[in-house]
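Shown next, in structure tokens, is the structure this report addresses.
Residue numbers (UniProt numbering): 1 to 228.
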């Protein structure tokens with residue numbers, strides 16, 4: 001999830017009408033809300049750019065990983081053709097590493113796709129919110145007859161502080177959740193061992209398939225007997 005997701009969601013879901021009802025200075029509230037929305041839009045644009053660059057890099061890595069997977073498979077067959085089962089086994093292990101990398105890269109690319117789609121939707125919603133706030137601000141300033149929008153600090157500032165405290169609390173909860181990861185480390189080691197067994201079985205099966213498909217080598221002709 002992109003870093004400014006919490007701020008963006010709160011801005012999108014904020015009820016401007018309810019906030020104005022309890023505001024001592026509606027113009028100042030609207031001006032600050034407009035600035036927050038514009039800052040969030042800038043942040044979204046930056047996050048989208050970073051995600052796109054990261055995805056381009058991952059796609060380039062995926063092309064390389066696919067090529068490496070095919071290359072290791074070919075090398076395994078060459079090794080077996082030359083009677084080097086030990087090298088063929090190592091090549092197939094390397095190929096499995098490439099396959100694992102390919103699977104992870106595909107997951108990361110799909111995740112970035114989803115995040116960029118979410119950011120684009122959030123940007124559209126924020127743009128609409130900004131247009132609404134700008135119109136309300138213009139109407140309020142016209143009604144007040146005061147384009148400065150300045151006034152003593154009111155309820156909006158306190159609500160902003162509460163929102164920042166809420167974000168800090170969420171970050172603390174995330175930190176606490178990561179502490180619980182240690183509990184699952186024992187299970188992870190078991191999972192790794194089972195995965196290694198699966199890989200070994202796959203390599204054994206592949207070697208057997210290559211071995212059975214290899215053409216039989218012709219027997220060397222014996223020395224002709226000397227003429228009597």
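Ideal placement from N, C-alpha and C gives every residue a C-beta, glycine not left out.
C-beta atoms of residue i and residue j nearer than 8 Å
i, j, result
"residue 42", "residue 11", "no"
"residue 16", "residue 136", "yes"
"residue 61", "residue 112", "no"
"residue 65", "residue 101", "yes"
"residue 210", "residue 70", "no"
"residue 141", "residue 23", "no"
"residue 119", "residue 47", "yes"
"residue 44", "residue 122", "yes"
"residue 202", "residue 85", "no"
"residue 133", "residue 20", "no"
"residue 126", "residue 213", "no"
Anticipated Cβ contact below 8 Å, residue i with residue j, distance rounded
i, j, result
"residue 59", "residue 109", "6 Å"
Quick one: any contact between the region 50-62 and the region 72-88, if contact means 3 or more CB pairs under 8 Å? no
Quick test of the definition: if touching needs 3 or more C-beta pairs under 8 Å, does the region 90-98 touch the region 203-210? Contact between the region 90-98 and the region 203-210 is present, with at least three C-beta pairs closer than 8 Å.
Residue ranges of each beta strand (DSSP E) run of no fewer than 3 residues wholly in the region 85-113, ordered along the chain? The region 85-113 contains no whole beta strand (DSSP E) run of 3 or more residues.
Those runs of the alpha helix (DSSP H) which lie wholly inside the region 11-84 and span at least 4 residues: Every alpha helix (DSSP H) stretch that sits fully inside the region 11-84 and reaches 4 residues is listed by chain position as 16-21 and 26-81.
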